[in-house]
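To start, the structure itself, in structure tokens.
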Amino acid sequence: MADKVLIVGGGISGITAAVEAAEAGLEAVIIEKNTYLGGRVAQLHKYFPKLCPPYCGLEINFKRIKQNPKISFHTLSEVKSISGSEGNYQVTVQVNPGYVNEKCTCCNDCVAECPGERANDFNYGMDTTAAIYLPHEMSFPMRYVLDKNACGSGCTKCVDACKYGAIDLDMQARTVEFNVSSVVFATGWNPYDASKIDNLGFGVAKNVITNVMMERLAAPNGPTRGKIVRPSDGKEVKNIAFVQCAGSRDENNLDYCSSVCCMASLKQATYLRDCYPEDSKATIFYIDLRAAGKYEDFLMLVKADENVTMTKGKVAKIEEDPATGDVTVTVEDILGGGKVEATFDMVVLAAGMESAAKGANLPADLVYEANGFMDSKQKVAGLHACGVARWPDDVATSVQDGTGAALKSIQSNGGIPKTADAVEMSGGN
Numbered sequence: 068m069a070d071k072v073l074i075v076g077g078g079i080s081g082i083t084a085a086v087e088a089a090e091a092g093l094e095a096v097i098i099e100k101n102t103y104l105g106g107r108v109a110q111l112h113k114y115f116p117k118l119c120p121p122y123c124g125l126e127i128n129f130k131r132i133k134q135n136p137k138i139s140f141h142t143l144s145e146v147k148s149i150s151g152s153e154g155n156y157q158v159t160v161q162v163n164p165g166y167v168n169e170k171c172t173c174c175n176d177c178v179a180e181c182p183g184e185r186a187n188d189f190n191y192g193m194d195t196t197a198a199i200y201l202p203h204e205m206s207f208p209m210r211y212v213l214d215k216n217a218c219g220s221g222c223t224k225c226v227d228a229c230k231y232g233a234i235d236l237d238m239q240a241r242t243v244e245f246n247v248s249s250v251v252f253a254t255g256w257n258p259y260d261a262s263k264i265d266n267l268g269f270g271v272a273k274n275v276i277t278n279v280m281m282e283r284l285a286a287p288n289g290p291t292r293g294k295i296v297r298p299s300d301g302k303e304v305k306n307i308a309f310v311q312c313a314g315s316r317d318e319n320n321l322d323y324c325s326s327v328c329c330m331a332s333l334k335q336a337t338y339l340r341d342c343y344p345e346d347s348k349a350t351i352f353y354i355d356l357r358a359a360g361k362y363e364d365f366l367m368l369v370k371a372d373e374n375v376t377m378t379k380g381k382v383a384k385i386e387e388d389p390a391t392g393d394v395t396v397t398v399e400d401i402l403g404g405g406k407v408e409a410t411f412d413m414v415v416l417a418a419g420m421e422s423a424a425k426g427a428n429l430p431a432d433l434v435y436e437a438n439g440f441m442d443s444k445q446k447v448a449g450l451h452a453c454g455v456a457r458w459p460d461d462v463a464t465s466v467q468d469g470t471g472a473a474l475k476s477i478q479s480n481g482g483i484p485k486t487a488d489a490v491e492m493s494g495g496n
């Protein structure tokens, strides 16, 4: 028995699975394709309903990782093959080069000299970074990364600027082999491509953005340092429309509810009100408002704000005035009756969550449901899925699911491994 679990995905559910399994006695290896751990949660401004920043939870888990020798992780990595069976899987992982080694102190001297530029994917392309960059200010691991595709041919300015010898332009991809008792897939989600929704104007109207972009606009480490302004001209946004079910519950796009979008838009309405408390207004156009259980109190709290309006109706189209950049929303007001046209500074689309495993060709015999999420009951023993790899859900539920995956990994291992002390106390039995 390998006494080790491999977790594919370093978001909140994958991190939880790793730390819980390791603290129970297994070794845990996290494989993350991105340059940092934390997944989509790291890109949030606040959690709902408590409205605290995501690093309230992430920092605790990063500390648990750093202090536990049973946990290791590889970023910029991908699983290439999985063979074997429960209790004895062989996993091959490719670790791709970031061209910066562990000597990096994040002094920023390399950035000051770098002439290259790249779109900042952490901020969903709303700003840029140098070709060599720190993924974000709270990045874990805290290490710069070089995007060679953004470098000029033959450029070595970052190497010349680094007095620690941390930049290695000759770094190559390497292969690492693991023998594990189980594999947990915590592959997470991607925001649905809102440009596929023809009538809602994303990618055509400059001041139509998505909910994940709104998170970054409101974040103090975002592209505008927390100031909610329009992408087209930097104008302060005082009047926002939130359009629910943007592509969700729609047989032409996503035919399911993504579970969190209503709560996310309610939360983002508070971002606007906090940013401009005197004169900002938010209008939420919804089909149904889903705030189950404990979340209904949060819904009532937002509803109580007289500057937040909730209109039940399906949005038919969104158009931009090219002269002003303002955005006009045409919607059927179900409760008020009739068609309504209203103009806003900016529109935020509550685009749904799509499985990141969809089309990823993961090298395992996995069972998927029709929308590309992994079935909770896999036919191959020792392969487990958790978090939004299984179905759209919020952060709290994903954490619980990560804990469940850790328990399943312990069962795949045949139980918690005995330590040397425990074996000695039991007489070796």
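Just so we're aligned, residue 68 is where the sequence shown starts under the numbering used here, counting upward by one.
The C-beta atom is built at its ideal place from N, Cα and C for all residues, glycine as well.
Following the DSSP letters along the chain, one finds Thr350 inside the beta strand (DSSP E) bounded by residues 348-353. With distances taken between CA atoms, Val396 lies nearest to Gly380 out of Tyr191, Gly380, Gly404. For Gln161, the enclosing beta strand (DSSP E) starts and ends at 155-162. Taking the C-beta atoms as reference points, Ile74 is found nearer than 8 Å to Val251. Under the three-state reduction of DSSP output, Ser476 falls in the helix class.
With contacts defined as CB atoms closer than 8 Å, Leu416 and Leu267 qualify as a contacting pair. DSSP places Asn128 in the uninterrupted alpha helix (DSSP H) bounded by 122-134. Assignment of beta-bridge partners to Asn306 by DSSP yields Lys348. In this structure, Leu104 and Phe207 form a Cβ contact; the two beta carbons are roughly 5 Å apart against a cut-off of 8 Å.
Secondary structure note for Arg241: its beta strand (DSSP E) is the uninterrupted segment 241-247. Bounds of the beta strand (DSSP E) holding Asn257 are 256-258.
Per the coordinates, the alpha-carbon of Asp260 lies some 34 Å from the alpha-carbon of Leu236. Cβ-Cβ separation between Tyr353 and Cys329: approximately 7 Å, consistent with a contact (criterion under 8 Å). Counting only the Cα atoms, Asp388 lies some 15 Å from Lys302.
With respect to the 8 Å criterion, Asp194 and Asn187 are classified as neighbours on the basis of their beta carbons.
Straight across, the Cα-Cα distance linking Tyr191 with Thr378 is about 29 Å. If you draw a straight line from the Cα of Ala85 to the Cα of Val398, it comes to about 46 Å. Here DSSP, grouped into helix, strand and coil, assigns Met420 to strand. Assignment of Thr223 by DSSP, reduced to helix, strand and coil, places it in the coil class. A buried status is given to Lys348, since no fewer than 16 other beta-carbon atoms sit within 10 Å of its beta-carbon.
Thr159 sits away from Ala424, with the two beta carbons spaced by 8 Å or more. Ile127 sits exposed, since fewer than 16 C-beta atoms from the chains shown fall within 10 Å of its C-beta.
Bounds of the beta strand (DSSP E) holding Leu450 are 450-452. Contact between Asn101 and Thr142 holds, with the beta-carbon distance rounding to 6 Å and staying under 8 Å. DSSP, reduced to helix, strand and coil, places Gln311 within a strand of the structure shown.
Taking a 10 Å sphere around the C-beta of Leu284, we find 16 or more other C-beta atoms and assign the residue as buried. Leaving aside the five residues that flank Lys147 on each side, the residues in its chain whose CB is nearer than 8 Å to its CB run, in chain order, Thr159, Val160, Gln161, Thr242, Pro430.
As computed with DSSP, Phe252 is found in a beta bridge with Val75, Ala452. The C-alpha of Cys222 is placed about 9 Å away from the C-alpha of Gly183. Straight-line spacing of the CA atoms in Met281 and Gln335 works out to 7 Å.
Rounded to the nearest whole angstrom, the CA to CA distance from Leu213 to Gly165 is 6 Å. In the structure shown, Thr464 falls within a helical segment according to DSSP collapsed to helix, strand and coil. Between the alpha carbons of Tyr362 and Pro116 lies a gap of roughly 7 Å. Remark: C-beta atoms of Leu93 and Lys71 approach each other more closely than 8 Å.
Two segments are said to touch when three or more pairs of C-beta atoms, one from each, lie closer than 8 Å; by this definition the region 335-344 does not touch the region 429-445. Between the alpha carbons of Ser248 and Gln478 lies a gap of roughly 10 Å.
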